[in-house]
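Novice: Take this structure first; my questions come after.
In my numbering, the protein residues as written are 162 to 290.
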């Protein structure tokens, strides 16, 4: 898979629920309003904002980028298969990747996950889902 363009990364982030904003300290970021990326795994409500920098994209080494991609993939799968969104799956997948895979395997794993998420997102758009 060729490297993801910034447009691809933005598409994943938007589909995962992110909004593009400029952060004073972090530069261009994706902002998530529901706390799904809170480190302790507890969503703390609509008043919580999570900022993820757009620079230095690396789902294999940055858990917050991996979580973003997995969230987009799970949401795309849910839309594609008309099932309810189970964010617990996202947490299980993130733990699996971060805890049981060695670093070399994670580098191989993430491009395929990104590609799968983008493909499903685009299929959903074509089907008007």
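We put the CB at the ideal spot given by N, CA and C, even for glycine.
The model shown is predicted, which means the values in this text are computed figures rather than measured ones.
Any idea what DSSP makes of residue 271, helix, strand or coil?
Specialist: Here residue 271 sits in helix by DSSP.
Novice: DSSP has residue 218 in a bridge; who is on the other side?
Specialist: DSSP lists no partner for residue 218.
Novice: For the alpha helix (DSSP H) containing residue 169, list its first residue and its last residue.
Specialist: Run containing residue 169: 167-176, per the alpha helix (DSSP H) assignment.
Novice: With a threshold of 7 Å on Cβ separation, who are the neighbours of residue 171 within its own chain once the five nearest residues in sequence on each side are excluded?
Specialist: 181, listed in sequence order.
Novice: Do you know whose CA, among 287, 167, 238, 231, lies nearest residue 214's CA?
Specialist: The shortest Cα separation from residue 214 among 287, 167, 238, 231 belongs to 167.
Novice: According to DSSP, which residues form a beta bridge with residue 282?
Specialist: Per DSSP, none; premise fails for residue 282.
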